[in-house]
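My numbering applies: residue 95 is where the sequence shown begins, and numbers increase by one.
Scroll down for the structure; my scribbles are underneath it.
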Amino acid sequence: MHYSECVLWSGPLVHFYCMRFEGKHNELAKRAQAVNNFKNIPKTIIRVSQCIQCEKWSSGNVKINHHEVVTGKTKFVCSTLSRQYLLRLGFEGNNSVCVTKSVLVNSVEFRPKLFVILEKASSRNDSLHLVGRIEEIIVTEEKNTFFQIIAEFELMSPEKCDDFLSKFGPYYVPRIFEYTRICNYDLWKKHNAITDDVLKALLLLITLLPVSNAVKNKSKKKVDKPMDSSQKKKVKMIEPYRFMIENINAGANVQEFVKSKRSECTSTIQPYIIQVDGETPHFYVIADNAILTCNNRNDFTVAFDLMFKIYFIFNIQYPVSLQNVYTFIESYVYRLIEKKSISIVASLYVNLKNMNLTHDSNSSDSDE
């Protein structure tokens, strides 16, 4: 097992009970009875343990890091060492922040003057780790999570941070509309009442990029806990778009809705968007039961951009029903992966790229 990768991902492994080899004796003892290797049984068992651990680490159910401040004091932004960085995140000089000498993140302690790895050697041309020293630790309020996620994504992919905001609306939306008008006019009419063009285009993509039944059936075997017949029927009735966006009425309690959805779900809930209906709809991004407010909460494009960056930063597995849609966004809008996409995704991209637009991107269908 690559312990160095685990250390980069989650810090010192001494803090994690799951990394203790001794904690797996019962499971390995059962496997040892069935291992037909009379030359080196311990080596074979260790190999099995490594495969099990790798499978658990790559499951994709990564949660947002929770932090606990050990000690700290309040300071004005203008008096901190990190003031330039905080000002770029949208803070003002007279805002108060917590400066701490120690913070626990997923039970791993970080302190000033400790060294951390900023970039892995595998992602650098010189094949050397980029190491930095912690000079100051700032803990902000939860409302500033939006800026922190955007800054983290910009650090990981500096040239691609604004790709969705700048490219999807002007370039992809009119092509998706034109392609749907030509190839599936009934689908276009069904969604034509949606006023937000970006939301409409993404909902059209869900139908244009369906997931095969083989993939869906495979995912059903990985449900966290068994379901009775009524629960299975309810899961089958869930529309795929609800894994991306949920609508609630104006005045409804967002926190209560999130709790209710969590209690009804039988498996892991990936990040999604809540649209609060009203004269001017506004949007929240839900991740790990945390309710995140966007910089412009009335803009669905900003909300989706934030949600997708959460998937990428925390390496969260995509919902099965939206796997092809998010792969399309990841491969061709953000350009985050270079490997070839599956055929249905690549085929749609080629069709959109070669689309000869006959309608202006801002015009509506005259037949409607």
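Backbone N, C-alpha and C define an ideal beta-carbon position, used for all residues, glycine too.
In this text, all values refer to a predicted model and were calculated from it rather than measured experimentally.
Straight through space, the alpha carbons of L293 and A215 are spaced by roughly 39 Å.
The DSSP assignment places 348–358 as complete runs of the alpha helix (DSSP H) inside the segment 343–378, in order along the chain (cut-off: 4 residues).
When N343, A344, Q369 and F337 are compared, the shortest CA-CA separation from R356 is found for F337. In the DSSP annotation of this structure, the continuous segment of the beta strand (DSSP E) that includes V210 starts and ends at F209 to E213. Excluding sequence positions up to five before and after D257, its CB lies within less than 7 Å of the CB of V427, Y428 and R429, all in the same chain and listed in chain order. R269 is a Cβ neighbour of L451, given a cutoff of 8 Å. For T194, the enclosing beta strand (DSSP E) stretches over residues S190 to V199. For V193, the closest C-alpha among the options K434, E203, L181 and F170 is that of F170. In the DSSP annotation of this structure, the continuous segment of the alpha helix (DSSP H) that includes I438 starts and ends at S437 to K447.
Note on geometry: alpha-carbon atoms of C388 and K403 lie some 12 Å from one another. Between L303 and L442, the gap from beta carbon to beta carbon is short of 8 Å. A Cβ-Cβ separation of about 6 Å places Y335 in contact with I300 under the 8 Å criterion. Between V267 and V414, the beta carbon gap of about 25 Å keeps them out of contact (Cβ cut-off 8 Å).
In the three-state scheme derived from DSSP, where H, G and I count as helix and E and B as strand, R227 is classed as strand. Considering only L386, M250, K434 and S190, the residue with the shortest C-alpha distance to L212 is M250. Contact check for S437 against S425 fails: the beta carbons are separated by 8 Å or more. Apart from sequence neighbours up to five positions away, the residues of its chain that approach G263 with a beta-carbon distance below 8 Å are D291, V292 and T395, ordered along the chain. Check the Cα spacing between L208 and each of F377, R218, A440 and V225: the tightest is with V225. For E230, the closest alpha carbon among the candidates S173, S221, L298 and E333 is that of S173. By a beta-carbon distance limit of 8 Å, L297 does not contact T274. Their separation comes to about 10 Å. DSSP places F271 in the uninterrupted alpha helix (DSSP H) bounded by V267 to C277. Here E246 has I407 as same chain residues with Cβ atoms under 7 Å from its own Cβ, once five neighbours each way along the sequence are excluded. Relative to the Cα of K195, the nearest Cα in the group R218, E373 and E203 belongs to E203. P365 is classed as buried because its beta carbon has at least 16 other beta carbons within 10 Å across all chains shown.
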